[in-house]
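Residue numbers (UniProt numbering): 1 to 330.
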(Lines of atoms letter the chains of each structure in order from A and count residues from 1; the text may use other names and numbers.)
(Lines give C-alpha, C1' and ligand atoms only; values in the text may rest on other atoms or scores of the structure.)
Protein backbone atom coordinates (compact mmCIF):
# COMPACT_ATOMS: atom_id res chain seq x y z
CA UNK A 1 0.00 0.00 0.00
CA UNK A 2 1.33 3.44 -0.97
CA UNK A 3 0.90 5.80 2.01
CA UNK A 4 0.62 9.24 0.48
CA UNK A 5 1.32 12.67 1.90
CA UNK A 6 -1.57 14.05 -0.17
CA UNK A 7 -4.31 15.37 2.06
CA UNK A 8 -7.07 17.89 1.99
CA UNK A 9 -10.34 19.09 3.38
CA UNK A 10 -13.96 19.44 2.44
CA UNK A 11 -15.25 22.85 1.40
CA UNK A 12 -18.68 24.14 0.37
CA UNK A 13 -19.88 21.74 -2.35
CA UNK A 14 -16.33 20.62 -3.01
CA UNK A 15 -12.98 19.21 -1.94
CA UNK A 16 -9.52 20.73 -1.63
CA UNK A 17 -6.50 18.46 -2.13
CA UNK A 18 -2.88 19.36 -1.35
CA UNK A 19 -0.07 17.45 -3.00
CA UNK A 20 3.72 17.86 -2.86
CA UNK A 21 3.68 20.60 -5.52
CA UNK A 22 0.09 21.67 -6.16
CA UNK A 23 -3.13 22.59 -4.38
CA UNK A 24 -6.42 21.89 -6.15
CA UNK A 25 -9.91 22.91 -5.07
CA UNK A 26 -12.71 21.23 -7.02
CA UNK A 27 -16.25 22.59 -6.65
CA UNK A 28 -19.57 21.48 -8.10
CA UNK A 29 -21.14 24.71 -9.36
CA UNK A 30 -24.90 25.41 -9.27
CA UNK A 31 -25.14 24.52 -12.99
CA UNK A 32 -23.68 21.05 -12.27
CA UNK A 33 -20.24 21.61 -13.81
CA UNK A 34 -17.06 20.92 -11.83
CA UNK A 35 -14.58 23.79 -11.66
CA UNK A 36 -11.01 23.14 -10.45
CA UNK A 37 -8.80 25.89 -9.07
CA UNK A 38 -5.11 24.89 -9.26
CA UNK A 39 -2.39 26.68 -7.28
CA UNK A 40 1.34 26.04 -6.85
CA UNK A 41 2.55 25.46 -3.30
CA UNK A 42 4.56 28.34 -1.86
CA UNK A 43 8.29 28.06 -1.19
CA UNK A 44 7.84 28.30 2.58
CA UNK A 45 7.48 24.52 2.84
CA UNK A 46 10.52 23.69 0.70
CA UNK A 47 13.29 25.19 2.87
CA UNK A 48 15.57 22.99 4.99
CA UNK A 49 14.81 24.85 8.23
CA UNK A 50 11.05 24.31 8.02
CA UNK A 51 11.59 20.57 7.56
CA UNK A 52 13.20 20.15 10.99
CA UNK A 53 11.18 18.09 13.51
CA UNK A 54 8.74 20.11 15.66
CA UNK A 55 9.34 23.23 13.53
CA UNK A 56 7.79 21.57 10.47
CA UNK A 57 4.69 20.82 12.53
CA UNK A 58 4.24 24.48 13.49
CA UNK A 59 4.80 25.65 9.92
CA UNK A 60 2.46 22.99 8.53
CA UNK A 61 -0.27 23.95 11.02
CA UNK A 62 -0.37 27.64 10.09
CA UNK A 63 0.26 26.95 6.41
CA UNK A 64 -2.64 24.49 6.35
CA UNK A 65 -4.92 27.03 7.99
CA UNK A 66 -4.17 29.67 5.34
CA UNK A 67 -4.56 27.16 2.49
CA UNK A 68 -7.80 25.87 4.01
CA UNK A 69 -9.31 29.34 4.34
CA UNK A 70 -8.33 30.14 0.74
CA UNK A 71 -10.08 26.97 -0.44
CA UNK A 72 -13.19 27.80 1.57
CA UNK A 73 -13.27 31.31 0.13
CA UNK A 74 -12.94 29.95 -3.40
CA UNK A 75 -15.84 27.55 -2.91
CA UNK A 76 -17.99 30.12 -1.10
CA UNK A 77 -17.90 32.53 -4.03
CA UNK A 78 -20.22 30.19 -5.95
CA UNK A 79 -22.70 29.53 -3.17
CA UNK A 80 -24.75 30.86 -0.32
CA UNK A 81 -27.31 28.91 1.70
CA UNK A 82 -31.05 29.45 1.93
CA UNK A 83 -33.16 29.26 5.09
CA UNK A 84 -33.20 25.47 4.90
CA UNK A 85 -29.43 25.13 4.48
CA UNK A 86 -29.50 24.33 0.76
CA UNK A 87 -26.67 25.83 -1.37
CA UNK A 88 -27.75 28.63 -3.72
CA UNK A 89 -25.76 30.93 -5.99
CA UNK A 90 -24.05 33.64 -3.95
CA UNK A 91 -24.26 37.39 -4.45
CA UNK A 92 -21.41 39.63 -3.20
CA UNK A 93 -22.01 41.23 0.21
CA UNK A 94 -22.04 45.00 0.64
CA UNK A 95 -18.70 44.79 2.45
CA UNK A 96 -17.13 42.84 -0.45
CA UNK A 97 -18.48 45.35 -2.99
CA UNK A 98 -17.17 48.28 -0.91
CA UNK A 99 -13.77 46.62 -0.45
CA UNK A 100 -13.36 45.93 -4.17
CA UNK A 101 -14.14 49.58 -4.90
CA UNK A 102 -11.40 50.72 -2.50
CA UNK A 103 -8.85 48.08 -3.56
CA UNK A 104 -8.32 45.90 -6.61
CA UNK A 105 -9.92 42.46 -6.43
CA UNK A 106 -6.66 40.62 -5.53
CA UNK A 107 -5.88 42.95 -2.63
CA UNK A 108 -9.49 42.77 -1.47
CA UNK A 109 -9.32 38.96 -1.41
CA UNK A 110 -6.08 39.09 0.59
CA UNK A 111 -7.68 41.40 3.16
CA UNK A 112 -10.66 39.06 3.51
CA UNK A 113 -8.34 36.03 3.65
CA UNK A 114 -6.15 37.30 6.47
CA UNK A 115 -9.13 38.64 8.40
CA UNK A 116 -10.69 35.18 8.13
CA UNK A 117 -7.49 33.46 9.32
CA UNK A 118 -7.15 35.84 12.28
CA UNK A 119 -10.81 35.38 13.22
CA UNK A 120 -10.48 31.57 12.98
CA UNK A 121 -7.37 31.60 15.19
CA UNK A 122 -9.00 33.85 17.79
CA UNK A 123 -12.15 31.71 17.87
CA UNK A 124 -10.23 28.41 18.10
CA UNK A 125 -7.79 29.63 20.75
CA UNK A 126 -10.55 31.28 22.75
CA UNK A 127 -12.89 28.29 22.66
CA UNK A 128 -10.45 25.39 23.04
CA UNK A 129 -7.48 26.91 24.93
CA UNK A 130 -8.49 29.96 26.96
CA UNK A 131 -12.06 28.99 27.96
CA UNK A 132 -11.03 25.64 29.55
CA UNK A 133 -8.25 27.45 31.48
CA UNK A 134 -10.71 30.08 32.70
CA UNK A 135 -13.34 27.52 33.77
CA UNK A 136 -10.83 25.26 35.54
CA UNK A 137 -9.59 28.27 37.51
CA UNK A 138 -12.79 28.18 39.58
CA UNK A 139 -11.69 24.81 41.01
CA UNK A 140 -8.42 26.13 42.47
CA UNK A 141 -9.86 26.68 45.97
CA UNK A 142 -11.09 23.06 45.99
CA UNK A 143 -8.16 21.24 44.36
CA UNK A 144 -4.58 22.00 45.35
CA UNK A 145 -2.77 19.40 43.22
CA UNK A 146 -1.61 20.96 39.97
CA UNK A 147 -1.62 17.77 37.89
CA UNK A 148 -5.27 17.12 38.79
CA UNK A 149 -6.20 20.63 37.70
CA UNK A 150 -4.33 20.12 34.42
CA UNK A 151 -6.16 16.82 33.80
CA UNK A 152 -9.51 18.46 34.53
CA UNK A 153 -8.63 21.32 32.19
CA UNK A 154 -7.82 18.80 29.45
CA UNK A 155 -11.09 16.95 30.05
CA UNK A 156 -13.02 20.24 29.82
CA UNK A 157 -11.24 21.05 26.55
CA UNK A 158 -12.16 17.67 25.02
CA UNK A 159 -15.76 18.01 26.28
CA UNK A 160 -16.10 21.43 24.61
CA UNK A 161 -14.67 19.96 21.40
CA UNK A 162 -17.16 17.07 21.42
CA UNK A 163 -20.07 19.45 22.07
CA UNK A 164 -18.91 21.75 19.28
CA UNK A 165 -18.66 18.93 16.73
CA UNK A 166 -22.01 17.45 17.80
CA UNK A 167 -23.78 20.80 17.42
CA UNK A 168 -22.35 21.78 14.03
CA UNK A 169 -22.94 18.28 12.64
CA UNK A 170 -26.70 18.87 12.98
CA UNK A 171 -26.64 21.81 10.53
CA UNK A 172 -27.90 20.82 7.07
CA UNK A 173 -25.16 22.61 5.11
CA UNK A 174 -22.47 21.16 7.40
CA UNK A 175 -23.86 17.67 6.82
CA UNK A 176 -23.14 18.14 3.10
CA UNK A 177 -19.62 19.35 3.92
CA UNK A 178 -19.12 16.19 6.00
CA UNK A 179 -20.28 14.12 3.01
CA UNK A 180 -17.58 15.75 0.89
CA UNK A 181 -15.17 15.02 3.76
CA UNK A 182 -16.07 11.35 3.39
CA UNK A 183 -15.49 11.57 -0.37
CA UNK A 184 -12.04 13.05 0.25
CA UNK A 185 -11.04 10.15 2.52
CA UNK A 186 -12.43 7.50 0.18
CA UNK A 187 -10.61 8.87 -2.87
CA UNK A 188 -7.28 9.04 -1.01
CA UNK A 189 -7.72 5.45 0.19
CA UNK A 190 -8.43 4.37 -3.40
CA UNK A 191 -5.24 6.08 -4.61
CA UNK A 192 -3.16 4.57 -1.78
CA UNK A 193 -4.35 1.08 -2.74
CA UNK A 194 -3.22 1.63 -6.33
CA UNK A 195 -6.72 1.31 -7.79
CA UNK A 196 -8.01 3.29 -10.75
CA UNK A 197 -9.63 6.52 -9.59
CA UNK A 198 -13.24 6.05 -10.66
CA UNK A 199 -16.54 6.33 -8.82
CA UNK A 200 -17.04 2.56 -8.47
CA UNK A 201 -13.62 1.97 -6.89
CA UNK A 202 -13.75 5.02 -4.62
CA UNK A 203 -17.25 4.22 -3.36
CA UNK A 204 -16.02 0.90 -1.91
CA UNK A 205 -13.39 2.52 0.32
CA UNK A 206 -13.70 3.44 4.00
CA UNK A 207 -14.58 7.01 4.91
CA UNK A 208 -12.41 6.77 8.06
CA UNK A 209 -8.77 7.72 7.50
CA UNK A 210 -6.05 7.58 10.22
CA UNK A 211 -4.32 10.78 9.03
CA UNK A 212 -7.43 12.95 9.15
CA UNK A 213 -7.24 16.41 10.70
CA UNK A 214 -9.75 15.29 13.33
CA UNK A 215 -7.14 12.86 14.65
CA UNK A 216 -4.59 15.68 14.68
CA UNK A 217 -6.88 17.92 16.76
CA UNK A 218 -7.51 15.19 19.32
CA UNK A 219 -3.80 14.47 19.66
CA UNK A 220 -3.22 18.22 20.07
CA UNK A 221 -5.59 18.16 23.04
CA UNK A 222 -3.86 15.18 24.65
CA UNK A 223 -0.37 16.60 24.07
CA UNK A 224 -1.52 19.95 25.46
CA UNK A 225 -2.28 18.22 28.78
CA UNK A 226 1.32 16.98 28.98
CA UNK A 227 2.95 20.22 27.81
CA UNK A 228 0.73 22.53 29.87
CA UNK A 229 1.44 20.45 32.99
CA UNK A 230 4.81 22.24 33.25
CA UNK A 231 2.97 25.51 33.94
CA UNK A 232 2.48 25.84 37.72
CA UNK A 233 -0.92 26.61 39.25
CA UNK A 234 0.36 28.55 42.29
CA UNK A 235 1.62 32.14 42.41
CA UNK A 236 4.60 31.24 44.61
CA UNK A 237 6.18 29.17 41.84
CA UNK A 238 5.56 31.96 39.33
CA UNK A 239 7.23 34.45 41.66
CA UNK A 240 10.38 32.30 41.89
CA UNK A 241 11.04 32.40 38.12
CA UNK A 242 14.22 34.51 37.64
CA UNK A 243 13.77 37.81 35.88
CA UNK A 244 10.07 37.65 35.02
CA UNK A 245 8.67 36.25 38.30
CA UNK A 246 7.65 39.61 39.85
CA UNK A 247 6.04 40.68 36.57
CA UNK A 248 4.07 37.44 36.27
CA UNK A 249 2.54 37.75 39.74
CA UNK A 250 1.68 41.41 39.16
CA UNK A 251 -1.01 40.52 36.62
CA UNK A 252 -4.15 38.41 37.21
CA UNK A 253 -3.35 34.71 37.62
CA UNK A 254 -5.69 33.46 34.90
CA UNK A 255 -4.21 35.89 32.35
CA UNK A 256 -0.70 34.68 33.22
CA UNK A 257 -1.65 31.07 32.54
CA UNK A 258 -3.38 32.00 29.29
CA UNK A 259 -0.31 33.90 28.05
CA UNK A 260 1.99 30.98 28.87
CA UNK A 261 -0.36 28.56 27.10
CA UNK A 262 -0.34 30.70 23.98
CA UNK A 263 3.47 30.73 24.03
CA UNK A 264 3.54 26.93 24.26
CA UNK A 265 1.03 26.36 21.43
CA UNK A 266 3.76 26.02 18.74
CA UNK A 267 5.40 23.28 20.84
CA UNK A 268 2.06 21.47 21.18
CA UNK A 269 1.37 21.71 17.43
CA UNK A 270 4.89 20.56 16.55
CA UNK A 271 4.85 17.52 18.84
CA UNK A 272 1.35 16.53 17.69
CA UNK A 273 2.42 16.66 14.05
CA UNK A 274 5.38 14.35 14.73
CA UNK A 275 3.10 11.81 16.43
CA UNK A 276 0.61 11.89 13.54
CA UNK A 277 3.50 11.51 11.08
CA UNK A 278 4.84 8.50 12.98
CA UNK A 279 1.38 6.93 13.23
CA UNK A 280 0.90 7.33 9.48
CA UNK A 281 4.14 5.46 8.72
CA UNK A 282 3.73 2.56 11.15
CA UNK A 283 1.07 0.02 11.95
CA UNK A 284 1.43 -1.37 15.46
CA UNK A 285 -0.47 -1.49 18.75
CA UNK A 286 0.74 1.98 19.79
CA UNK A 287 -0.21 3.72 16.53
CA UNK A 288 -3.58 1.96 16.41
CA UNK A 289 -4.28 3.08 19.97
CA UNK A 290 -3.49 6.75 19.34
CA UNK A 291 -5.43 6.71 16.05
CA UNK A 292 -8.53 5.04 17.52
CA UNK A 293 -10.15 8.15 19.12
CA UNK A 294 -9.72 10.17 15.92
CA UNK A 295 -11.16 7.33 13.84
CA UNK A 296 -14.17 7.23 16.17
CA UNK A 297 -14.69 10.99 15.91
CA UNK A 298 -14.80 10.68 12.14
CA UNK A 299 -18.19 9.05 12.62
CA UNK A 300 -19.29 12.61 13.40
CA UNK A 301 -17.14 14.58 10.94
CA UNK A 302 -17.68 12.36 7.87
CA UNK A 303 -20.79 11.05 6.14
CA UNK A 304 -21.23 8.69 3.20
CA UNK A 305 -21.00 10.75 -0.02
CA UNK A 306 -23.09 10.38 -3.15
CA UNK A 307 -21.53 9.66 -6.55
CA UNK A 308 -21.53 13.32 -7.63
CA UNK A 309 -19.44 14.21 -4.57
CA UNK A 310 -17.02 11.38 -5.29
CA UNK A 311 -16.54 12.78 -8.80
CA UNK A 312 -15.54 16.14 -7.31
CA UNK A 313 -13.05 14.52 -4.92
CA UNK A 314 -11.50 12.54 -7.79
CA UNK A 315 -11.15 15.71 -9.88
CA UNK A 316 -9.26 17.45 -7.07
CA UNK A 317 -7.04 14.45 -6.31
CA UNK A 318 -6.07 13.75 -9.92
CA UNK A 319 -4.89 17.34 -10.27
CA UNK A 320 -2.30 17.11 -7.47
CA UNK A 321 -0.89 13.60 -8.02
CA UNK A 322 2.79 13.98 -9.05
CA UNK A 323 4.26 12.16 -12.03
CA UNK A 324 6.81 10.49 -9.74
CA UNK A 325 4.89 8.64 -7.02
CA UNK A 326 7.91 8.76 -4.70
CA UNK A 327 7.41 12.53 -4.34
CA UNK A 328 4.17 12.12 -2.38
CA UNK A 329 5.35 9.26 -0.18
CA UNK A 330 4.31 9.81 3.44
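Ideal Cβ positions, reconstructed from N, Cα and C, are used throughout, including at glycine.
Contact annotation, residue 322 with residue 21: C-beta distance approximately 6 Å; criterion of less than 8 Å satisfied. In the same chain as residue 68, and ignoring 5 residues on each side of it, the C-beta atoms closer than 6 Å to its own belong to 9, in chain order.
Where residue 302 is concerned, there is no enclosing alpha helix (DSSP H), because DSSP gives it neither an H nor an E. For the set 278, 130, 161, the Cα lying nearest the Cα of residue 217 is the one of 161.
313 is the residue among 313, 242, 140 whose C-alpha sits nearest the C-alpha of residue 188.
Going by C-alpha positions, residue 135 is about 51 Å away from residue 324. Counting C-beta pairs with one atom in each stretch, the stretch 47-56 and the stretch 268-287 have three or more that are closer than 8 Å, which means they touch.
About 5 Å separates the CB atoms of residue 264 and residue 227; that is less than 8 Å, so the two are in contact.
Between the beta-carbon of residue 25 and that of residue 191 there is about 17 Å, and that puts the pair past the 8 Å contact cut.
The beta carbon of residue 39 lies closer than 6 Å to those of 23 in the same chain, with the five residues before and after it left out. Residue pairing by DSSP places residue 10 opposite 15 in a beta bridge.
Short of 7 Å from the beta carbon of residue 66, and not among the five residues preceding or following it, lie these beta carbons of its own chain, in chain order: 117. For residue 210, the closest of 230, 296, 320 by C-alpha to C-alpha distance is 296.
Annotation: residue 185 to residue 193 spans about 12 Å, alpha carbon to alpha carbon. Per DSSP, residue 318 lies in no beta strand (DSSP E) segment; the continuous alpha helix (DSSP H) that holds it begins and ends at 307-320. CA-to-CA, the gap between residue 204 and residue 307 works out to about 11 Å. Residue 71 counts as buried, since no fewer than 16 other beta carbons sit within 10 angstroms of its beta carbon. Bounds of any beta strand (DSSP E) do not take in residue 218; it lies within the alpha helix (DSSP H) bounded by 213-228.
Assignment of residue 251 by DSSP, reduced to helix, strand and coil, places it in the coil class. In the three-state reduction of the DSSP assignment, residue 34 falls in the strand class, which pools E and B. When only Cα atoms are considered, residue 259 and residue 27 end up about 40 Å apart. Apart from sequence neighbours up to five positions away, the residues of its chain that approach residue 318 with a beta-carbon distance below 7 Å are 197, ordered along the chain. In the DSSP assignment, residue 151 falls outside any beta strand (DSSP E) and lies within the alpha helix (DSSP H) extending over 146-168.
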